[in-house]
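These notes concern the structure reproduced below.
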Amino acid sequence: RNLHWLYEYIRDQFSKHNNLKRLLLSGDNEALISKPGELHPKINDINIYDLNGSPDYTILFPLNGKATVSLFYDDNRYKDKVWYVDIDKDRYVIFSSSIKYDISRNDDQENRIIVKLKTNTID
708 RNLHWLYEYI RDQFSKHNNL KRLLLSGDNE ALISKPGELH PKINDINIYD
758 LNGSPDYTIL FPLNGKATVS LFYDDNRYKD KVWYVDIDKD RYVIFSSSIK
808 YDISRNDDQE NRIIVKLKTN TID
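If you use this note's numbering, the sequence shown corresponds to residues 708 to 830, in order.
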């Protein structure tokens with residue numbers, strides 16, 4: 708299925724709400740499929756050996772079901788902080804690709820599908 712419509716929707720929302728006036732560019736995408744009871748381990752979308760080729764932002768968009776995304780980050784001297792974001796069908800979360808994250812256990816009786824978009828920006 709063509710995901711171009713999703714990029715356009717998120718690009719429009721992103722440009723309305725950011726002060727930097729950056730433009731999101733489409734990039735790699737993949738489907739994160741969780742079987743019932745399955746938990747995604749901690750994920751990092753930055754390739755430390757190719758920082759220039761790594762994405763700027765990660766976008767998670769569930770096609771069905773709901774999930775909690777745990778974002779792990781350091782806030783200067785306060786290390787190992789966690790922020791929890793609930794996402795549901797037709798809602799998305801966008802965050803810096805330098806942030807490690809995991810996705811909660813699938814508590815539904817069917818497979819949960821989350822589209823992951825990795826994007827770059829230009830000024």
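Heads up, the beta-carbon is just placed ideally off N, CA and C, and yes, glycines get one too.
Notebook entry, point to check: Is it right to say D787 is buried, meaning 16 or more other beta carbons lie within 10 angstroms of its own, or is it exposed?
Noted result: Under the 10 Å beta carbon count, D787 is surrounded by fewer than 16 other beta carbons and is classified as exposed.
Check: Quick one: is the Cβ of D752 within less than 7 Å of any heavy atom of the ligand ZN?
Finding: As presented, the structure is devoid of all ligands, the ligand ZN included, so that no description of it is given.
Note to self: Is the beta carbon of P762 closer than 8 Å to that of G744?
What the structure shows: No, the Cβ-Cβ distance between G744 and P762 is not below 8 Å.
Notebook entry, point to check: Out of curiosity, what's the CA-to-CA distance linking Y780 and G760?
Noted result: One Cα belongs to Y780, the other to G760, and the distance between them is close to 21 Å.
Note to self: Using the three-state DSSP reduction, which class does L778 fall into: helix, strand or coil?
What the structure shows: Reduced to three states, the DSSP call for L778 is strand.
Next item on the list: Could you round the C-beta distance between Y808 and L778 to whole angstroms and report it? I think they count as a contact, below 8 Å.
Entry: Correct: roughly 5 Å between the Cβ atoms.
Item checked: Between the CA atoms of N736 and L824 - distance to the nearest angstrom -> Cα to Cα, the separation comes out at about 4 Å.
Checklist line | Backbone secondary structure at K823 - three-state DSSP | finding: Strand, per DSSP.
Note to self: Which of the three DSSP states is assigned to D833 in this structure?
What the structure shows: Not covered by the structure: residue 833. The range shown for the chain is 708 to 830.
Note to self: By alpha-carbon positions, which one of R812, I806 and K773 ends up nearest to D793?
What the structure shows: Among R812, I806 and K773, the Cα nearest to that of D793 is on K773.
Next item on the list: Counting only the same chain and skipping the five closest in sequence on each side, list residues whose C-beta sits under 8 Å from that of D796.
Entry: Reading off the sequence shown, one finds Lys at residue 796, where the question assumed Asp. The answer, listed in chain order, is P769, L770, N771, G772 and K773.
Notebook entry, point to check: Just the Cα atoms here: how many angstroms apart are D719 and E817?
Noted result: Rounded to whole angstroms, D719 to E817 spans 32 Å at the Cα level.
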